[in-house]
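There are 4 protein chains.
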Amino acid sequence: MGIAVIYGSSRRSGNSEQLAKRLVDGFEADHIYLSEYDIQPIQDYRHSDKGAYPNDDYHAIIKRVLEQDKLVFATPIYWYGPSGLTKTFIDRWSQSLRENKAEFLAKLSAKSAWVLGVGDDAPHLKGIPLVQQFQYIFQYTGTAFEGYVLGRGNRPGDISQDHAALAAVDAIRKGWEERLEE
Amino acid sequence: MGIAVIYGSSRRSGNSEQLAKRLVDGFEADHIYLSEYDIQPIQDYRHSDKGAYPNDDYHAIIKRVLEQDKLVFATPIYWYGPSGLTKTFIDRWSQSLRENKAEFLAKLSAKSAWVLGVGDDAPHLKGIPLVQQFQYIFQYTGTAFEGYVLGRGNRPGDISQDHAALAAVDAIRKGWEERLEE
Amino acid sequence: MGIAVIYGSSRRSGNSEQLAKRLVDGFEADHIYLSEYDIQPIQDYRHSDKGAYPNDDYHAIIKRVLEQDKLVFATPIYWYGPSGLTKTFIDRWSQSLRENKAEFLAKLSAKSAWVLGVGDDAPHLKGIPLVQQFQYIFQYTGTAFEGYVLGRGNRPGDISQDHAALAAVDAIRKGWEERLEE
Amino acid sequence: MGIAVIYGSSRRSGNSEQLAKRLVDGFEADHIYLSEYDIQPIQDYRHSDKGAYPNDDYHAIIKRVLEQDKLVFATPIYWYGPSGLTKTFIDRWSQSLRENKAEFLAKLSAKSAWVLGVGDDAPHLKGIPLVQQFQYIFQYTGTAFEGYVLGRGNRPGDISQDHAALAAVDAIRKGWEERLEE
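Chains as they are written, first to last, in the numbering used here: chain G, 1 to 182; chain Z, 1001 to 1182; chain U, 2001 to 2182; chain S, 3001 to 3182.
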């Protein structure tokens, strides 16, 4: 089992993608670019008859995510939160809860997760609500929230100048490598 | 000028809607149910040639929002953040920034905003990242973030049992009424 | 059993005290003004021989706190956190953990808690870190963190103009009264 | 001008101290161990006649802090916030505001700051309120909040196993060295 990298940017090769690529380079990973798929907003059938869920790519994507044991969410910080693509994908987890809650949570609770968020407005401070949102998400799903990196970038490539973010990513890599060697 | 109420729920008549209706009852308000419109994810042209933005309902909706002087975001707390519908709508503000930044910010910075978030997992605590996300959003746009209410509800109607949330909503109403009388 | 109100202000009759008085008016309460007692900073003997703890008023105060079943922390927001008096008192809980962890946690985990914080710099937003700090404190001790009020005030008496804070306090009172009647 | 390192632990040679020593090793630094000084709680004379402030070590310490251009707060995470020693010291800044607000803020607004917090209960997540508290503190004083490190440690020496924290500290050092070379 390896790593599911869930890219939330609406563009390719941006800073959050670059940071994630550095993180997982050399590790077995399934790269999932949400912008390449059709994932519609959740329908809320919690308290009504269960109607049809959107017939889109959600099931295919969540299946790929659940097959890995490490999750890396790589999202640009859009308006101080995860991108709409990322959020809409996570909202759909409510569908999986409705379809098979026990199995869904059993799988997620066996995984570890990391979050990479890249923005250009003081991300080490203003990215904190994004981190705390994921903190509660993973607390609910029982997923171990191992770490996060808040990097600075605006123009593609900027992230390569954020030495603190690069060092943080390398420290995560180092931890993975050590566990592989055990 | 009145109030733009931006409903982020994917269902009608849920708790966040009920709370918002109590808040604006008797005031002039434009009720905007995001679930009734087609608003696609943002395209990121910040650092590429400006391509086409989605041909959907965004322009019509943001126009209605900008016509009012009070903004009320009424969103269910989905996965500890604003709903995907709400987030996707706000992500599109980047399009308005690209199209006419000065005018867009001039309008938003003249407005006041309130946020109503309703969830069922300790919303007074776990809704805090949502509040902080809006805090930074409004800080960026220069909008006065006057207040928020984090209410508890799951099944439609639950919110009517959250006396603290109802009292908070009534206190906001009272403030509006007093200013009207001045 | 009643309410322990722990006042953290260094002055008497300030806004946080006034808000707390409104909250507990008519209920059985033990009013504990930390400024009237000598509570020294914690000594950290976690990983050394246990030396002497300060011979001050801590034991007398914590005894009074533990005798009640509701805790109300009423603190001015000093520098965006609880007052030093409040923090120093809570730091000393580590002494109680060292002296009798099981009994201390058993008692605290049977209680409910509310926090009142009053400041004058956008307390509804900038008081959030204070709330989250208490969130983790009570999570550790197993205490039910029932609610909080972030009020605005600077000059004594200002709090009487913060209708949202007053309404929030009244809603807590209402909840207490309803439970008494059951 | 160099670095003022403000140690908030009640014990010497603990993890937060070790992390700070690694950070400033080789740089000109004034090491200020708050536990070695007498700093009493603030008296609040904001709205009363100005009485006597405590006759203790505060003035001597704040003078040393203001002489440097970089501030490093190294505090254990006690009860999910800065230590009482740290908080009580910062509370006293209100005295400096009362004594000479313009000069005090002019000096602090010309400085840069870093915060090191070390705890043993998920510090990367539960240390966030501490970070946000300092965020607002430095926002008020106009100090540039350049970065923070949340490290894990309980027994002295634990911090040397937290590779992410060590890497973060080294990245800050690297930034300092680069600026020195310019």
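For glycine and all other residues, C-beta sits at the position ideal for the given N, C-alpha and C.
Subject >> Closer than 7 Å to chain S by CB, U:Arg2098 >> reply: In the third sequence, the residue the question calls residue 2098 of chain U occupies position 98. By this cut-off, U:Arg2098 is not an interface position.
Original post:
At a cut of 8 Å, does the region 1082-1093 of chain Z reach the region 1006-1018 of chain Z through at least three beta carbon pairs?
Top reply: yes
Original post:
How would you label U:Ser2048, buried or exposed, when you count the other beta carbons within 10 angstroms and need 16 or more for buried?
Top reply: One-based indexing of the third sequence puts residue 2048 of chain U at position 48. By the 10 Å Cβ count, U:Ser2048 comes out exposed.
Original post:
Can you tell me whether DSSP reads G:Ser16 as helix, strand or coil?
Top reply: As a working note, residue 16 of chain G is residue 16 in the first sequence. Of the three classes helix, strand and coil, the one that applies to G:Ser16 here is helix, per DSSP.
Subject >> Close-in-space but distant-in-sequence residues of the same chain around U:Gln2024 (CB under 7 Å, 5 per side omitted) >> reply: Position 24 of the third sequence, counted from the start, is the residue given in the question as residue 2024 of chain U. Here residue 2024 of chain U is Val; the residue named in the question, Gln, does not match the sequence. So the qualifying residues of the chain are Ile2003, Val2005 and Val2072.
**OP:** Classify G:Asn55 as buried or exposed, calling it buried when 16 or more other Cβ atoms lie within 10 Å of its own Cβ.
**Re:** Numbered from 1 along the first sequence, position 55 holds the residue referred to as residue 55 of chain G. Counting Cβ neighbours within 10 Å, G:Asn55 comes out exposed, since fewer than 16 surround it.
Original post:
Z:Asp1030 lies in the alpha helix (DSSP H); which residues open and close that run?
Top reply: Translated into the one-based positions of the second sequence, residue 1030 of chain Z becomes position 30. Not the alpha helix (DSSP H): Z:Asp1030 falls in the beta strand (DSSP E), residues Ala1029 to Tyr1033.
**OP:** Express the C-alpha separation of G:Thr143 and Z:Ile1061 in angstroms, rounding to a whole number.
**Re:** Sequence index remark: in the second sequence, residue 1061 of chain Z carries index 61 (1-based). Sequence index remark: in the first sequence, residue 143 of chain G carries index 143 (1-based). Approximately 37 Å, taken between the alpha carbons.
Original post:
Quick one: does U:His2047 have its CB under 7 Å from some CB of chain S?
Top reply: Taking the first residue of the third sequence as position 1, residue 2047 of chain U is located at position 47. Closer than 7 Å: yes.
Subject >> C-beta neighbour in chain Z for U:Ile2128, strict 7 Å >> reply: Position 128 of the third sequence, counted from the start, is the residue given in the question as residue 2128 of chain U. So, interface residue.
Original post:
Counting only beta-carbon atoms, is G:Leu85 nearer than 7 Å to chain S?
Top reply: Indexing the first sequence from 1 puts residue 85 of chain G at position 85. It does not; no Cβ of chain S falls within 7 Å.
Subject >> the region 2137-2155 of chain U: positions lying closer than 9 Å to chain S by Cβ >> reply: Ile2137, Gln2139, Tyr2140, Asn2154 and Arg2155
Original post:
What separation, rounded to the nearest whole angstrom, lies between the Cα atoms of S:Gly3175 and G:Asp162?
Top reply: Along the fourth sequence, one-based indexing puts residue 3175 of chain S at 175. Along the first sequence, one-based indexing puts residue 162 of chain G at 162. Distance between the alpha carbons of S:Gly3175 and G:Asp162 is about 10 Å.
Subject >> Member of Z:Arg1022, Z:Ile1090, Z:Pro1129 and Z:Ala1113 whose CA lies at the smallest distance from the CA of Z:Pro1041 >> reply: Here residue 1041 of chain Z corresponds to residue number 41 of the second sequence, with the count starting at 1. Checked all of Z:Arg1022, Z:Ile1090, Z:Pro1129 and Z:Ala1113; the closest Cα to Z:Pro1041 is Z:Ile1090.
Original post:
Is the Cβ of G:Ser160 closer than 7 Å to any Cβ of chain Z?
Top reply: Position 160 of the first sequence, counted from the first residue, corresponds to residue 160 of chain G. It does not: the Cβ of G:Ser160 has no partner Cβ on chain Z nearer than 7 Å.
Original post:
Using the beta-carbon of each residue, which ones in chain G are nearer than 8 Å to Z:Asp1191?
Top reply: Not covered by the structure: residue 1191 of chain Z. The range shown for chain Z is 1001 to 1182.
Original post:
Just to confirm, are Z:Ser1112 and Z:Glu1146 a CB contact at a threshold of 7 Å?
Top reply: Against the second sequence, residue 1112 of chain Z aligns to sequence position 112. Against the second sequence, residue 1146 of chain Z aligns to sequence position 146. It is a contact, given that the beta carbons lie within the stated cut-off.
Subject >> Cβ neighbour criterion (16 or more within 10 Å) applied to Z:Asp1044 >> reply: To locate residue 1044 of chain Z, count along the second sequence from 1; it is residue 44. Z:Asp1044 is buried by the Cβ-count criterion.
Subject >> Backbone CA spacing between U:Glu1960 and U:Leu2019 [nearest angstrom] >> reply: Since the first residue of chain U shown is 2001 and the last is 2182, residue 1960 of chain U is not available in this structure.
Original post:
Considering only C-alpha positions, which residue in the set Z:Lys1063, Z:Pro1129, Z:Pro1156 and Z:Gly1127 is nearest to Z:Glu1017?
Top reply: Taking the second sequence and counting its residues from 1, one reaches residue 1017 of chain Z at position 17. Comparing Cα positions, the closest option is Z:Pro1156.
Subject >> Straight-line gap, Z:Gly1014 to Z:Trp1079 (C-alpha atoms, nearest Å) >> reply: Position 14 of the second sequence, counted from the start, is the residue given in the question as residue 1014 of chain Z. Position 79 of the second sequence, counted from the start, is the residue given in the question as residue 1079 of chain Z. Approximately 16 Å between the Cα atoms of the pair.
Subject >> Coarse secondary structure for G:Ala52, derived from DSSP in three states >> reply: For this step, residue 52 of chain G is matched to residue 52 along the first sequence. If DSSP states are grouped into helix, strand and coil, G:Ala52 belongs with coil.
Original post:
Rounded to a whole number of angstroms, what is the C-alpha to C-alpha distance between U:Pro2076 and Z:Val1149?
Top reply: The count along the third sequence starts at 1 and reaches residue 2076 of chain U at position 76. The count along the second sequence starts at 1 and reaches residue 1149 of chain Z at position 149. Whole-angstrom Cα-Cα distance: 22 Å.
Original post:
From what residue to what residue does the beta strand (DSSP E) around U:Ala2156 run?
Top reply: Residue mapping note: residue 2156 of chain U aligns to position 156 of the third sequence, counting from 1. The sequence given here places Pro at residue 2156 of chain U; Ala does not occur at that position. Element bounds for U:Pro2156: n/a, residue is neither H nor E.
Original post:
Of the choices S:Phe3104, S:Gly3127, S:Glu3067 and S:Lys3070, whose alpha-carbon is the least far from that of S:Thr3141?
Top reply: Here the question's residue 3141 of chain S lines up with position 141 in the fourth sequence. Nearest option by C-alpha distance: S:Phe3104.
Original post:
Rounded to whole angstroms, how far is the Cβ of S:Arg3152 from the Cβ of S:Ala3165, which I believe are closer than 8 Å?
Top reply: Counting from one through the fourth sequence, the residue named residue 3152 of chain S turns up at place 152. Counting from one through the fourth sequence, the residue named residue 3165 of chain S turns up at place 165. About 7 Å; that satisfies the 8 Å criterion.
Original post:
Who are the near neighbours of G:Phe138 in its chain, counting only those whose CB is closer than 6 Å to its CB and skipping five residues on each side?
Top reply: Working through the first sequence from its first residue, we reach residue 138 of chain G at position 138. Closer than 6 Å at Cβ, skipping near neighbours: Ala113 and Phe145.
Original post:
Are any of the Cβ atoms in chain S nearer than 7 Å to that of G:His163?
Top reply: Along the first sequence, read from residue 1 onward, the residue named residue 163 of chain G stands at position 163. Chain S contact via Cβ: present.
Original post:
Is U:Ala2004 helix, strand or coil when you go by DSSP?
Top reply: By one-based count along the third sequence, residue 2004 of chain U stands at place 4. Three-state DSSP puts U:Ala2004 in a strand.
Original post:
Cα-Cα, which of S:Asp3057, S:Glu3067 and S:Glu3036 is closest to S:Arg3092?
Top reply: If you number the fourth sequence from 1, residue 3092 of chain S lands on position 92. Answer by Cα proximity: S:Asp3057.
**OP:** Determine the chain Z residues that contact U:Ala2113 at a beta-carbon separation under 8 Å, and present them in chain order.
**Re:** In the third sequence, the residue the question calls residue 2113 of chain U occupies position 113. Going along chain Z, no residue has its Cβ under 8 Å from U:Ala2113, so there is no contact; the nearest lies around 12 Å.
**OP:** Would you please verify whether the beta carbon of Z:Lys1050 is less than 7 Å from any beta carbon of chain U?
**Re:** Locating residue 1050 of chain Z in the second sequence gives position 50, where the first residue counts as 1. No - not a single Cβ of chain U is within 7 Å of the one on Z:Lys1050.
Original post:
Relative to the alpha-carbon of S:Pro3082, which residue among U:Gln2133, U:Leu2034 and U:Ser2160 has its alpha-carbon at the smallest distance?
Top reply: Here residue 3082 of chain S corresponds to residue number 82 of the fourth sequence, with the count starting at 1. Closest by alpha carbon: U:Gln2133.
**OP:** Could you work out which residues of chain S lie near G:Leu108, taking near to mean beta carbons separated by less than 7 Å?
**Re:** Here residue 108 of chain G is taken as the residue at index 108 of the first sequence, counted from 1. Here the premise fails: no neighbours, minimum Cβ distance about 18 Å.
**OP:** Could you list which residues in chain Z have their beta carbon closer than 7 Å to that of U:Gly2175, in chain order?
**Re:** As a working note, residue 2175 of chain U is residue 175 in the third sequence. Those are His1163, listed as they occur along chain Z.
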